[in-house]
Amino acid sequence: MGKVILKFKRIEVGKVDTRNNVMELFFCFDENGREMKHRKSYPLDMDVDNFVNSLINEIKVKSHERNAVVVDDDDFLSYHMNILIDEPEPGVAKDKIANALRRFKDKVRSFRNIRQSDNYITHYNELVGLKADIE
């Protein structure tokens, strides 16, 4: 039976596609002390809480696949793995991720409302370089 501890560090915006309403995000986290990055596209019309739940489940499944140990015995617990999220209280990491995504959505909305060409590229580059610390 194995144990994996995940500690979320930050979220980075990779690129924003305003036509298709999608934002590419990179989730940086520690997996048993190793720095890992998970890439996921976020459809901006999707509910934030549902996206965060599916994201955390996907990260847990990928972590289980990376850390799985193949053992040739009949013990059913040899394949079992505990994947824990390092956070001060249960649900704090999910709340921080959801709040960061809501802020990113607000920035994209304000970017879409720009009707002048002045500094349009500068605003887009600021949007693409956004980061949010989750620690």
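Take any residue in the sequence shown, note its place counting from 1, add 65, and you have its number in my numbering.
Note that beta-carbon positions come from the ideal geometry of N, C-alpha and C, so glycine has one too.
Since the model is a prediction, treat every value here as computed from it, not as a measurement.
(message) Are the CB atoms of Glu-154 and Lys-74 within a distance shorter than 8 Å?
(response) If you number the sequence shown from 1, residue 74 lands on position 9. If you number the sequence shown from 1, residue 154 lands on position 89. Going by C-beta atoms, Lys-74 is not nearer than 8 Å to Glu-154.
(message) Using DSSP's beta-bridge definition, name the partner residues of Tyr-107.
(response) By one-based count along the sequence shown, residue 107 stands at place 42. According to DSSP, Tyr-107 bridges with Met-88.
(request) Mind checking which residues open and close the beta strand (DSSP E) that includes Arg-75? (result) Numbered from 1 along the sequence shown, position 10 holds the residue referred to as residue 75. Looking at the DSSP string, the run of the beta strand (DSSP E) that includes Arg-75 is 67-82.
(message) For the beta strand (DSSP E) containing Leu-195, name the first residue and the last one.
(response) Position 130 of the sequence shown holds residue 195. First-last for Leu-195: undefined, no H or E at that position.
(request) List the whole-angstrom C-beta distance separating His-129 from Met-146, where the pair is believed to meet the contact cut-off of C-beta under 8 Å. (result) Counting from 1 along the sequence shown, the entry for residue 129 is found at position 64. Counting from 1 along the sequence shown, the entry for residue 146 is found at position 81. With 8 Å as the limit, His-129 and Met-146 qualify as a contact, their Cβ atoms being about 5 Å apart.
(message) Assess contact between the stretch 185-193 and the stretch 106-120, defined as three or more Cβ pairs (one per stretch) separated by less than 8 Å. Is contact present?
(response) Taking 8 Å as the limit for Cβ pairs, the verdict is that the stretch 106-120 does not touch the stretch 185-193.
(message) Can you give me the C-alpha to C-alpha distance between Asp-151 and Ile-70, rounded to a whole angstrom?
(response) The residue you call residue 151 lines up with position 86 of the sequence shown. The residue you call residue 70 lines up with position 5 of the sequence shown. Going by C-alpha positions, Asp-151 is about 6 Å away from Ile-70.
(request) Can you grab the Cα-Cα spacing for the pair Lys-80 / Ala-197, in whole Å? (result) As a working note, residue 80 is residue 15 in the sequence shown. As a working note, residue 197 is residue 132 in the sequence shown. Computed Cα separation, rounded: 15 Å.
(request) Since I believe Val-126 is in contact with Leu-109 (beta carbons under 8 Å), could you give me their beta-carbon distance rounded to a whole number of angstroms? (result) Translated into the one-based positions of the sequence shown, residue 109 becomes position 44. Translated into the one-based positions of the sequence shown, residue 126 becomes position 61. At roughly 24 Å, the Cβ-Cβ gap does not stay under 8 Å, so Leu-109 and Val-126 are not in contact.
(message) Residues in the same chain with beta-carbon distance under 6 Å from Asn-104, minus the five sequence neighbours each way, listed in chain order, please.
(response) Here residue 104 corresponds to residue number 39 of the sequence shown, with the count starting at 1. The sequence shown places Arg at residue 104, rather than the Asn named in the question. If we look at Arg-104 and ignore the five residues flanking it on each side, its Cβ neighbours are Phe-91.
(request) Note down the Cα distance separating Arg-84 from Arg-168, rounded to an integer number of angstroms. (result) Counted from its first residue, the sequence shown places residue 84 at position 19. Counted from its first residue, the sequence shown places residue 168 at position 103. Distance from the CA atom of Arg-84 to the CA atom of Arg-168, rounded to whole angstroms, is 19 Å.
(message) Can you give me the C-alpha to C-alpha distance between Val-78 and Val-134, rounded to a whole angstrom?
(response) Here residue 78 is taken as the residue at index 13 of the sequence shown, counted from 1. Here residue 134 is taken as the residue at index 69 of the sequence shown, counted from 1. When rounded, the distance between both Cα atoms is 33 Å.
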